[in-house]
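A.B. asks:
In the working numbering, the protein residues as written are 8 to 125.
(1) Could you say if the region 34-41 and the region 9-24 meet the contact criterion of at least three C-beta pairs nearer than 8 angstroms?
(2) Suppose only complete runs of 4+ residues qualify. What are the alpha helix (DSSP H) ranges in the region 30-116, listed by chain order?
(3) In the DSSP output, what is residue 20 paired with across the bridge?
(4) Apart from the five residues on each side of it in sequence, which residues of its chain come closer than 6 angstroms, Cβ to Cβ, to residue 31?
(5) Tell me which same chain residues have a C-beta within less than 6 angstroms of the C-beta of residue 28, skipping the five on either side of it?
(6) Put residue 120 into one of helix, strand or coil per three-state DSSP.
(7) Output the distance between the C-alpha atoms of residue 49 and residue 67, rounded to the nearest integer angstrom.
(8) What do you reckon, are the CB atoms on residue 60 and residue 70 nearer than 8 angstroms?
Right under this line is the structure:
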């Protein structure tokens, strides 16, 4: 796996990231959780350390799935990036509310060492 340092980040990120916009789904359209978690963990086990998700992916369920996938020691092996749903933000305080909810979705109680500010 090739890695590159981002200008403002000390850790090197894999140049291949794992995008969570199109996770495997069941016939009902919901994320196939066991399969998606296995795919994410397989990618991490093979050197991918950059995951990309966003508030609206999979009807709002992608961030929570990524939070689940990063349990059992995987949180310390990878970085998760998510995007603020700017079209829904009405004020600066509202932006903070979205960020806090995104941290909860990703099973982060607060911004910490594995949350990047790029």
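For every residue, glycine included, the Cβ atom is placed at its ideal position computed from N, Cα and C. This structure is a prediction, so every number in the text was calculated from the model and none was measured.
C.D. replies: Taking the structure as given:
(1) Judged by Cβ distances under 8 angstroms, the region 34-41 makes no contact with the region 9-24, as fewer than three pairs qualify.
(2) The region 30-116 contains, as complete alpha helix (DSSP H) runs of 4+ residues, the segments 40-52, 69-76, 99-112 (chain order).
(3) BP columns for residue 20 point to 11.
(4) Non-local beta-carbon contacts of residue 31 in its own chain, meaning distances under 6 angstroms to residues more than five positions away in sequence, involve 39, 42, 43 in chain order.
(5) For residue 28, where only same-chain residues beyond five positions count, the Cβ hits under 6 angstroms are 64.
(6) Any answer about residue 120 is weak, because its pLDDT of 42 lies below 50 and its placement is not dependable; what the coordinates show is given next. In the structure shown, residue 120 sits in coil (DSSP, three-state: anything other than H, G, I, E or B).
(7) Their backbone Cα atoms lie some 23 angstroms apart in a straight line.
(8) Yes, these two residues count as a Cβ contact at 8 angstroms.
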